[in-house]
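Undergrad: First the structure, which I've put down as structure tokens, then a few questions once you've had a look.
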Amino acid sequence: MRAVVGQDSTGELSWPLVDRRQSRTDPPTGFERRQGVDQGHIDKLSSANQILLALQKIAITLPSSFDLEMVLDQGVSQVQDLINADIVTILLADTDAANFSIVRGRGSARSLSLKIDQLPEHIFAALSVHRTISVDLSQDQQGFANEAKTGAYCVLRSRGLVVGLIAAEWRSKQNIEQAVQILTGIADALGVAVDNSRLFRDIRRNSANEERLRIARDLHDRTGSTLAFIGIELDRLIRLQQDQTTIDDLGTIRAHISKTITEVREMLFDLRSGHDEQISLTDTVEAFVNRIAERSHINVRREIAFPVINDSHRASEIWEMFKEAILNAEKHSRCSEILIKSSVVGDLWITSVSDNGVGLQATKGREDSYGITGIIERADSIGATIEISSPFPNTDYGTEILFSIPLSHIQNGGAEVSS
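The numbering of the sequence shown is the UniProt record's numbering, which starts it at 1 and goes up by one.
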């Protein structure tokens, strides 16, 4: 058989059979290989650019929010949107990073509060590195959700301190190489945002305390002094008067002034009363309720056993919660009796302030003015839960404010008992 020689449009000779074989067997040319590689690089760069833009947006927007709840919600949302995690869990550390509270998406395997040595070893490892670690989960090595098969964990840091931990988990085996990098970027921004919101909360509370003290000083220096001067002048006028009717009228005014001075003094006491670190919380509450009973003629019963709290911030917040609850009962419930109870039950410290007054329905719609909102905010800040109900089943009178605090959130060095 003789090969047939062909000729292309340029006049160059070609061998059709050989050309057809070469079209099937020749490897891609250098240009074709570069074109394929370049397209792969372009796809990867495009994906990386989208991720960088998303992380940049997170880094800008998250730390600018001073509301802790909003920051946590945004953190969960960003993780779900960017890496499609099935379960997102956020833990916040206390001041010395010895205890962690699960504040978002706790899954199904863990309690709401964990000491640092209760963290699973593979999750604890994330606290000692500055990157996200990935873990293949199993029955022997579980995540925060029992059903999770793959997990990624990253510490939240700010100012060189551990402020928490974020976990992303999936219910099936996953290749999470890229997700690990993204979670690290989110954790960097989230750690700063959590720290900022906590600092702002503390500044706001300190400012409120300073404002209370300023108002107390003004009441004492201006209003109190003015009322005292008016009282002295009325006493002088009464002594100079001869007309009995005028004396009686001035005496009535003097009685009103005396009552107002007493009320101002009580307001000063309420504004200035606070927990002194040198005095036990039991003694602080005792002194306060004795003053309440004396001025209001309310029978205040107490059955209290307070754990020793070495954390001054938590002790102060707990005291403010007690004070608000007691003042709420005194001022608004029209009660004749207040019962204060506190005891340690299992791993919880349970405390309550209850009264036999008009109840929740009579004060419905005015929660803010009664300090309930402040109590709820303070409870959230220290990891306590709060319940508000009637202490008398199937009735519409009486109010009970009950809060439960995990013992792991405080340093329990024993109990102070008073009854």
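By construction, the Cβ of each residue, glycine as well, lies at the ideal position given by its N, Cα and C atoms.
Fair warning: this is a prediction, and the values are worked out from it, not measured in the lab.
#1: For the putative contact between G164 and L92, defined by C-beta atoms under 8 Å, what is the C-beta separation to the nearest angstrom?
#2: Please classify S14: does DSSP put it in a helix, a strand, or coil?
#3: If we ignore side chains and look at the alpha-carbon of each, how far apart do G346 and S258 end up?
#4: Determine, using beta carbons only, whether P166 and G105 come nearer to each other than 8 Å.
#5: According to DSSP, which residues form a beta bridge with residue 422?
#6: How far does the alpha helix (DSSP H) with N206 in it reach, from first residue to last?
#7: When the Cα atoms are used, what is the spatial distance from V135 to A384?
#8: Drop a sphere of 10 angstroms on the beta-carbon of Q78, count the other beta-carbons inside from all chains shown, and report buried for 16 or more, exposed for fewer.
#9: What are the start and end residues of the alpha helix (DSSP H) that includes F392?
#10: Closest to A152 by C-alpha separation, out of R217, T89, T95, would be which residue?
#11: Whose CA, out of N328, V344, G374, lies closest to the CA of G359?
#12: Should the stretch 304-318 be regarded as contacting the stretch 191-200, the criterion being three or more beta carbon pairs within less than 8 Å?
#13: Use the C-beta contact count for N356: other C-beta atoms within 10 angstroms, 16 or more gives buried, fewer gives exposed.
#14: Going by DSSP, what residues sit across from R302 in a beta bridge?
#15: Would you check if there are 3 or more beta carbon pairs closer than 8 Å linking the stretch 279-289 to the stretch 241-254?
#16: Quick one: grab the DSSP three-state call for L119.
#17: What is the rounded straight-line gap between the Cα of F124 and the Cα of I261?
TA: Judging by the given coordinates:
#1: The pair is a contact, with the Cβ atoms about 4 Å apart (cut-off 8 Å).
#2: Residue placement at S14 cannot be trusted, given a pLDDT of 48 that sits under 50; what the coordinates show is reported in the next sentence. Strand, per DSSP.
#3: Linking G346 to S258 through their CA atoms gives a straight-line distance of about 50 Å.
#4: Here residue 166 turns out to be Ile, not Pro, going by the sequence shown. It is not a contact, given that the beta carbons lie outside the stated cut-off.
#5: What is shown of the chain runs 1 to 419, which leaves residue 422 out entirely.
#6: Its alpha helix (DSSP H) spans residues 177-218.
#7: Those two C-alpha atoms are separated by around 32 Å.
#8: Answer is buried; the Cβ neighbour count reaches 16.
#9: F392: not part of any alpha helix (DSSP H); DSSP gives it neither H nor E.
#10: When only C-alpha atoms are compared, the closest one is T89.
#11: The residue with the shortest Cα to Cα distance from G359 is N328.
#12: No, because fewer than three Cβ pairs between the stretch 304-318 and the stretch 191-200 fall closer than 8 Å, the two stretches do not touch.
#13: The residue in question, N356, is buried, as its Cβ has 16 or more Cβ neighbours within 10 Å.
#14: DSSP lists I340 as partners of R302.
#15: Counting Cβ pairs under 8 Å, fewer than three are found: no touch.
#16: The DSSP-derived three-state label of L119 is coil.
#17: A straight line joining the alpha-carbon of F124 with that of I261 spans about 59 Å.
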